[in-house]
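Okay, so the sequence shown: first residue is 1 according to full-length UniProt numbering, each after it adds one. Positions of the beta carbon are idealized from the N, C-alpha and C atoms, including for glycine. Encoded as structure tokens, the structure appears first; notes follow it.
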Amino acid sequence: MRALSIHPHGNGGRVVLGDVPEPDPTDGTLLVEALALGVCGTDREIVLRGPRALPAGREGLILGHESLGRVLEAPPEAGLAPGDHVVGIVRRPDPVPCSFCAAGQFDLCENGRFTERGILGRDGYGSERFRIEPEYVVRVDPALGLSAVLVEPASVVAKAWAQLERAVRRPLRRALVLGAGPIGLLAALFGAQRGAEVHVVDRVGHGAKPAQTRKIGAVYHTSVDDLHGVFDVVIECCGALVGEAVQRAAPGGAVCLVGVGDARTVGAINLADLARALISQNKTVMGTVNSNRLHFEAAHDALRSADPAWLDGLLTDRLSLADWSAAFETDPERIKAVIRFAA
1 MRALSIHPHG
11 NGGRVVLGDV
21 PEPDPTDGTL
31 LVEALALGVC
41 GTDREIVLRG
51 PRALPAGREG
61 LILGHESLGR
71 VLEAPPEAGL
81 APGDHVVGIV
91 RRPDPVPCSF
101 CAAGQFDLCE
111 NGRFTERGIL
121 GRDGYGSERF
131 RIEPEYVVRV
141 DPALGLSAVL
151 VEPASVVAKA
161 WAQLERAVRR
171 PLRRALVLGA
181 GPIGLLAALF
191 GAQRGAEVHV
201 VDRVGHGAKP
211 AQTRKIGAVY
221 HTSVDDLHGV
231 FDVVIECCGA
241 LVGEAVQRAA
251 PGGAVCLVGV
261 GDARTVGAIN
271 LADLARALIS
281 QNKTVMGTVN
291 SNRLHFEAAH
301 DALRSADPAW
311 LDGLLTDRLS
321 LADWSAAFET
331 DPERIKAVIR
341 FAA
């Protein structure tokens, strides 16, 4: 079967589309046919810097953590049947789990000895078929179609909003999202679904990003200088506006950092001023980058409640497996690249 694998190459990585063995039954009792694979900044970073950890005894890692597949084989006790559409959860806890992992909150792992499919030490979902444990799949509504590939990134957003709602003990009337990539636009969607007045900032002035923002009733800006007032919650998705995020949060508000930017783009942050703002105005700053089953399920519910045409508009690049390399190219006007494995 064919798969997209990353191999160490110089100071980075080299992606290869080639034949690999059929999935090992020890990876899980479910056999799944890949339908689509989402490509995000994490995948591009792995290609740029090379894989951080390969599976034991291997020279490459099958890429892909944003999955959509169709069950081919399932044991009776799995609660799934051939034909079901599923997405795979990414993180796996250490076999000797910490207290969080033992409770199913492996996104909060304390010991750091986890693996992540397609990212860290374990093959991902970028092969024509893959195996997975039934407890690490989420069944998705076939009516979502190709948009179900958004469940994984939406799960990170679901976790961010859950954290923000715990931190801010008042109605969330105004929300600010910095960055209009897939995570940013999904964060804006979640805010709109909660009835908040949502503002989105991104440097791209035309095309799909502002159009998608306005379709959910949010306000689009191309500069933070255009913003007025403060916001109950701020979700920083670009990694370059951390200082602005804290500054724009209202007293008693909260900031969630989702984007990881290059240190050269973040700008200088005076820690004394930051501490003063957090202490004197009771602001909260937190971060997140992964998720657990509860977040995947919340993400699925949110996507099912969204306008299908709007979700479809996020998938700006739909590529065949033969054209996979285009998914790893960057373009500030694109939103989401998806590689289709099967119809």
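- With a threshold of 16 other beta carbon atoms within 10 Å, Asp123 meets it and is buried.
- Within the same chain, Cβ atoms closer than 6 Å to the Cβ of Gln212 are found at Leu185 and Gly313, the five residues on either side in sequence being excluded.
- In this structure, Cys256 lies near Leu164, with their beta-carbon atoms less than 8 Å apart.
- Here Arg131 is buried: its Cβ has 16 or more other Cβ atoms, across all protein chains shown, within 10 Å.
- Under the three-state reduction of DSSP output, Ile339 falls in the strand class.
- Scanning the segment 223 to 247 from its first residue to its last, no whole alpha helix (DSSP H) run of 4-plus residues comes out.
- In the DSSP annotation of this structure, the continuous segment of the beta strand (DSSP E) that includes Arg131 starts and ends at Arg129 to Ile132.
- In this structure the segment 29 to 46 touches the segment 324 to 331; the number of beta carbon pairs closer than 8 Å is three or more.
- Rounded to whole angstroms, Pro182 and Ala277 show a C-alpha spacing of 30 Å.
- In the structure shown, the three-state DSSP call for His7 is strand.
- For the 8 Å CB-CB criterion, Glu152 and Ala342 do not form a contact.
- Boundaries of the alpha helix (DSSP H) around Gly191: Pro182 to Gln193.
- If you check the CB distance, Pro134 and Gly79 come in under 8 Å.
- Secondary structure note for Glu297: its alpha helix (DSSP H) is the uninterrupted segment Arg293 to Ser305.
- Per DSSP, the unbroken beta strand (DSSP E) holding Arg318 starts and ends at Asp317 to Ser320.
- In the DSSP assignment, Cys101 falls within the alpha helix (DSSP H) that extends over Ser99 to Ala102.
- Close CB contacts of Ala299 within its chain, under the 6 Å cut and outside five residues either way in sequence, are with Val151, Ala154, Ser155 and Ala158 (chain order).
- In this structure, the CA atom of Pro332 is about 15 Å from the CA atom of Ala240.
- Residue ranges of uninterrupted beta strand (DSSP E) with 3 or more members, entirely inside the segment 120 to 179 and ordered along the chain, are 129 to 132, 137 to 140 and 174 to 178.
- Around the beta carbon of His228, fewer than 16 other beta carbons lie within 10 angstroms, which makes this residue exposed.
- Counting along the chain, Pro251 sits inside no alpha helix (DSSP H); it lies in the beta strand (DSSP E) bounded by residues Ala249 to Leu257.
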